[in-house]
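Enquirer: Residue numbers (the working numbering), protein chains in the order written: chain A, 13 to 427; chain B, 9 to 608.
(1) For residue 172 of chain B, which residues does DSSP report across the bridge?
(2) Give, in chain order, every residue of the stretch 203-224 of chain B whose Cβ lies closer than 8 Å to some Cβ of chain A.
(3) Going by the DSSP bridge assignment, what does residue 541 of chain B pair with across the sheet?
(4) Excluding the 5 residues flanking residue 239 of chain B on each side, which residues of the same chain have their C-beta closer than 6 Å to its C-beta?
(5) Using a beta-carbon distance cut-off of less than 8 Å, what residues from the stretch 251-266 of chain B approach chain E?
(6) Of all Cβ atoms in chain A, is any one closer than 8 Å to the Cβ of residue 92 of chain B?
(7) Using the beta-carbon count (16 or more within 10 Å), is residue 175 of chain B buried or exposed?
(8) So which residues on chain A does residue 68 of chain B lean against when the C-beta distance must stay under 8 Å?
(9) How long is the line joining the alpha carbons of residue 419 of chain A and residue 172 of chain A, rounded to whole angstroms?
(10) For residue 361 of chain A, return the contacting residues in chain B, with the cut-off set at a CB-CB distance below 8 Å.
(11) Would you mind stating whether residue 248 of chain B and residue 265 of chain B have Cβ atoms separated by less than 8 Å?
(12) Helix, strand or coil: how does DSSP classify residue 3 of chain A here?
(13) Could you please give me the residues that DSSP links to residue 484 of chain B through a beta bridge?
(14) In whole angstroms, give me the CA-to-CA distance for residue 187 of chain B and residue 129 of chain B.
(15) Mind checking which residues open and close the alpha helix (DSSP H) that includes residue 111 of chain B?
(16) Counting only beta-carbon atoms, is residue 297 of chain A nearer than 8 Å to chain B?
(17) Are the CB atoms of residue 372 of chain B and residue 536 of chain B within a distance shorter than 8 Å?
(18) Quick test of the definition: if touching needs 3 or more C-beta pairs under 8 Å, does the stretch 109-122 of chain B touch the stretch 130-139 of chain B?
(19) Expressed to the nearest angstrom, what Euclidean distance is found between the alpha-carbon atoms of residue 586 of chain B and residue 487 of chain B?
(20) Jot down the residue ranges of each uninterrupted alpha helix (DSSP H) in the stretch 81-127 of chain A, minimum 4 residues, whole runs only, in chain order.
(21) Apart from the five residues just before and just after residue 578 of chain B, which ones in its own chain have a Cβ nearer than 7 Å to its Cβ?
(22) How far does the alpha helix (DSSP H) with residue 256 of chain B in it extend, from its first residue to its last?
(23) May I have the straight-line CA-CA distance separating residue 123 of chain A from residue 64 of chain A, to the nearest angstrom?
(24) So with Cβ pairs under 8 Å, would you call residue 139 of chain B a contact of chain A?
(25) Report, in whole angstroms, the separation of the C-beta atoms of residue 483 of chain B and residue 242 of chain B, which I expect to be a contact under 8 Å.
(26) Among all the DSSP beta bridges, which residues are the ones paired with residue 129 of chain A?
(27) Check this for me: beta carbons of residue 411 of chain A and residue 375 of chain A, under 8 Å apart or not?
(28) Buried or exposed: residue 54 of chain A, going by 16 or more other Cβ atoms within 10 Å of its Cβ?
(29) What is the DSSP secondary structure of residue 398 of chain A, reduced to helix, strand or coil?
(30) Starting from residue 363 of chain B and walking both ways along the beta strand (DSSP E), at which residues does that stretch end?
(31) Give a yes or no on whether the C-beta atoms belonging to residue 304 of chain A and residue 338 of chain A are separated by under 8 Å.
(32) Alpha carbon to alpha carbon, what distance is there between residue 491 of chain B and residue 594 of chain B?
(33) Could you check how far apart the C-beta atoms of residue 222 of chain B and residue 318 of chain A are, in whole angstroms? I think they sit under 8 Å.
(34) Using only alpha-carbon positions, find the residue among B:143, B:169 and B:80 that is nearest to residue 93 of chain B.
(35) Of all the residues that make up the stretch 383-400 of chain A, which are near chain B by a beta-carbon distance shorter than 9 Å?
(36) Could you tell me the distance, in whole angstroms, from the CA atom of residue 146 of chain B to the CA atom of residue 111 of chain A?
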């Protein structure tokens, strides 16, 4: 008995502390950016975002406690069931869902809306962890990666159908897990190269990209001049590359939606329209940039308070931090995320259980992706992709999902 | 294999760290290095609203209000903040057509896209109330409280002056001003602009993305309260000014009255005049057009400061003083008068015959005496080797008596009249001239011209026996007890005080039994001198100068009535009535008053 109580407290304190700091910081920031300073409003009115967020935080703590109390084997055992259940819940949205901000991704229950997509992140992580854990014994290596990609492709397709591109992209973050579990690095490199050549093609034009590809081909042909097999492969890759470039613009024009295309164009500087398409990105940079080194002080932000920054409590909440806490505050926040992600990776590697390791990499990938894309978007490094900042952004589904995601890992690590 | 894969954690941690560094550098660039965002943020969210101070009030010397302020509401526009709005409705409220509205907005855009410009002046309280309620539907527009000048008595228009919109040049010269601001353009309003305009206030308000004001910035800690302009106390006597304007009603000409011992101007009348309330606010430009195009009356022309009148016989007093100072005559020197001053074939007539000393000469305004005296000043070869040197000495005396020079006091647009210099005559007569060539200047005819202000100041010099303080219209600034220090310097004329006694006696005799009998007042010893300034364009101008009381002068007066005939006909009675009114605060001679008021 004594032994049991002792082990149940062997949770990783560092991760929990990061979690508490980020959630607390999140609430204070939501309070600052959503409080109407010009009107006396009751603190306990449920129309206030900060009051609602307090409820979300309370329920999240409750969820975390429950997870820490129940047996972690439950997650390993039922992971596939949980994954399938969450996919069904997402499909249910098509029948009973509500559309918010153009995305049909919400189920409304009374005053609150939940977003099943958010929960799919941890269910997918669980399912993939189980898949890799068991896949080793199956030894069917050939089909391994096809199957692994299917696990993330299914939720991506469902979410794309709900017109929530940002959330769909999040599932690509599991590629980090795949890489750790043996996916060849070439796929990553080719992926990065494809993104780079796409941006280059859109920014300049096809001719430039083809010239670059041709130069690369010449280089590799020279390097591989003694090996006819490699030369053949080089030529095949070159032809694929040229075709990819030629289809980039066509794909860009026809696959992406207008507003997405506009966001990319503004980021690339192809469109200059500070009051139109550029507005959000510009105002976001102005808010953060105006914070200076020390910031304007808590509750003293003007840009976020006066609605210049859109969605200042959810996707653009980092603007309020940047404006009120300046470079110092921003630096602390990105440091916290970085430390948290590295801590998760370190703990994952320490754990001898492959299930826990895989789950940990899935978690690290999801947090990293959210953190990088969200902050990159607010400071004008990336196009505007609407995904929340983990633990900080306002929203029940997001906070609950990230809490579950993190605390399952904390619980799994307990053993 | 599994060992190899384990190393991949470092690649992944590396990617995380590189991302961290990229974000940190980008944040450092945005927040610390590039400070343009801070300015953009302020432009976004802060609106600085200028709070216009009320201009300073102007009182007369007895604390009666001459100028005060009325509330008015101006519609302003910030072009950059304009969005689509209901032009028809705005036009209806402002009572202008769409074309005019667009014209005004374009003008505002040309001036500045960021700063507010005036769209409509002085809306009525009703229009203001109506618009204020619907202002959220007109983004970019806001209403500014302003004050407008108001004049309880429609007098002293030229001296009080008027305010109008600043010009582009004035804005460029002085950063205090913004387009649509008012600035003093003439009179006291111009001379004391810096005192009267006050200090502008600033209200910093937060403006949200929908151009709605959301409250004050930092609880108003960066706001600046406007400070009303400083009040001024004029030297003018409201009642006297009013009386002077009544007397000059239907006439053309000027009255200037000065308190000799201070140089304070008690009243300064220029007729025809106008009601100063006509040049206020949105009726100003229309009325200004009417007034400035009136080429019969020239109501905007301030005769007291700008007109060039031949001084006439009153100038004989100056020549008498100079002759005494130069030692040409003494008070008892007698010049025979054969009914005129002969120079070869030409004679300057005199309306009497007999011998005169200086007293008689002033009393009866003898032309011969002053021609001779003037001729002798210019022909004094023992002192001055050439006519040029002698004339230059005379000119210098005249200048020190205040003629041919500007006072540069607090009366804008003052002109200096005209006293020809030696070069003028050298050119005119090809250097061949002598005392007789220019002798008509000795009796105030000929080329010389003076302004009413200069003549009145000359009377003050006589009253003071040799010195003056610059004539001015503002005696105290800020409070009645803080005197205007600009005019405390005493100017000496260089003429000995005793020489003034003869002049004063002569002027006394002129009133008792000479040309100036019509100026006599029971109970007040007034001394004076008539003048009849020859007018090439018509009937002579009636001129009179006076000082009273003789024993301790309180008021020196100059009166000129254009085409009024002899000095004694109308100018002398006016000077007399002004003096009586000022000293007794009432006029007993109602018949004379009535006759003068009716005189045209």
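Every residue, glycine too, gets a C-beta built ideally from N, C-alpha and C.
Expert: Answer, in terms of the structure:
(1) By one-based count along the second chain, residue 172 of chain B stands at place 164. Answer is B:191, bridged to residue 172 of chain B.
(2) 214, 215, 216, 217, 218, 222 and 223
(3) Looking up residue 541 of chain B in the second chain gives position 533. Paired residue(s): B:549.
(4) As a working note, residue 239 of chain B is residue 231 in the second chain. Closer than 6 Å at Cβ, skipping near neighbours: 64 and 65.
(5) In the structure shown, chain E cannot be found, because the protein chains are A and B.
(6) Working through the second chain from its first residue, we reach residue 92 of chain B at position 84. No, its Cβ sits nowhere closer than 8 Å to a Cβ of chain A.
(7) As a first step, residue 175 of chain B must be located in the second chain, where it is residue number 167. Classification for residue 175 of chain B: exposed.
(8) Here residue 68 of chain B is taken as the residue at index 60 of the second chain, counted from 1. None at all; the shortest Cβ gap to chain A is about 48 Å.
(9) Walking along the first chain from the start, residue 419 of chain A turns up at place 407. Walking along the first chain from the start, residue 172 of chain A turns up at place 160. C-alpha separation (whole angstroms): 28 Å.
(10) Here residue 361 of chain A refers to the residue found at position 349 of the first chain. In chain order: 14 and 17.
(11) The count along the second chain starts at 1 and reaches residue 248 of chain B at position 240. The count along the second chain starts at 1 and reaches residue 265 of chain B at position 257. Contact: yes.
(12) Here chain A has residues from 13 to 427 only, and residue 3 of chain A is not among them.
(13) In the second chain, the residue the question calls residue 484 of chain B occupies position 476. DSSP lists B:241 and B:491 as partners of residue 484 of chain B.
(14) By one-based count along the second chain, residue 187 of chain B stands at place 179. By one-based count along the second chain, residue 129 of chain B stands at place 121. About 13 Å.
(15) Indexing the second chain from 1 puts residue 111 of chain B at position 103. 106-119 is the span of the alpha helix (DSSP H), which, as asked, contains residue 111 of chain B.
(16) Translated into the one-based positions of the first chain, residue 297 of chain A becomes position 285. It does: the Cβ of residue 297 of chain A has a partner Cβ on chain B nearer than 8 Å.
(17) Along the second chain, one-based indexing puts residue 536 of chain B at 528. Along the second chain, one-based indexing puts residue 372 of chain B at 364. Taking 8 Å as the Cβ cut-off, residue 536 of chain B and residue 372 of chain B do not qualify as a contacting pair.
(18) no
(19) Residue numbering aside, residue 586 of chain B sits at position 578 when the second chain is read from its first letter. Residue numbering aside, residue 487 of chain B sits at position 479 when the second chain is read from its first letter. Rounded to whole angstroms, residue 586 of chain B to residue 487 of chain B spans 28 Å at the Cα level.
(20) 85-108
(21) Stepping through the second chain from its first residue, residue 578 of chain B is reached at position 570. The answer, listed in chain order, is 550, 569, 572, 604 and 607.
(22) Taking the first residue of the second chain as position 1, residue 256 of chain B is located at position 248. From DSSP, residue 256 of chain B is part of no alpha helix (DSSP H); its letter is neither H nor E.
(23) Counting from 1 along the first chain, the entry for residue 123 of chain A is found at position 111. Counting from 1 along the first chain, the entry for residue 64 of chain A is found at position 52. Computed Cα separation, rounded: 10 Å.
(24) Here residue 139 of chain B is taken as the residue at index 131 of the second chain, counted from 1. It does not; no Cβ of chain A falls within 8 Å.
(25) Counting from 1 along the second chain, the entry for residue 483 of chain B is found at position 475. Counting from 1 along the second chain, the entry for residue 242 of chain B is found at position 234. That pair is a contact at about 7 Å.
(26) Your numbering for residue 129 of chain A matches position 117 in the first chain. None; residue 129 of chain A has no bridge partner.
(27) Within the first chain, the letter at position 399 stands for residue 411 of chain A. Within the first chain, the letter at position 363 stands for residue 375 of chain A. No, the Cβ-Cβ distance between residue 411 of chain A and residue 375 of chain A is not below 8 Å.
(28) By 1-based counting over the first chain, the position of residue 54 of chain A is 42. The residue in question, residue 54 of chain A, is exposed, as its Cβ has fewer than 16 Cβ neighbours within 10 Å.
(29) The sequence position of residue 398 of chain A within the first chain is 386, counting from 1. Here residue 398 of chain A sits in coil by DSSP.
(30) Numbered from 1 along the second chain, position 355 holds the residue referred to as residue 363 of chain B. Residues 362-364.
(31) To locate residue 304 of chain A, count along the first chain from 1; it is residue 292. To locate residue 338 of chain A, count along the first chain from 1; it is residue 326. Against a cut-off of 8 Å, the Cβ pair of residue 338 of chain A and residue 304 of chain A comes out as a contact.
(32) As a working mapping, residue 594 of chain B is identified with position 586 in the second chain. As a working mapping, residue 491 of chain B is identified with position 483 in the second chain. Rounded to the nearest angstrom, the two C-alpha atoms are 28 Å apart.
(33) Position 214 of the second chain holds residue 222 of chain B. Position 306 of the first chain holds residue 318 of chain A. Yes, they are in contact, since the Cβ atoms of residue 222 of chain B and residue 318 of chain A sit about 6 Å apart, within 8 Å.
(34) Position 85 of the second chain, counted from the start, is the residue given in the question as residue 93 of chain B. Among B:143, B:169 and B:80, the Cα nearest to that of residue 93 of chain B is on B:143.
(35) 383, 384, 387, 388, 391, 392 and 393
(36) The residue you call residue 146 of chain B lines up with position 138 of the second chain. The residue you call residue 111 of chain A lines up with position 99 of the first chain. Using only the alpha carbons, I get a separation of about 33 Å.
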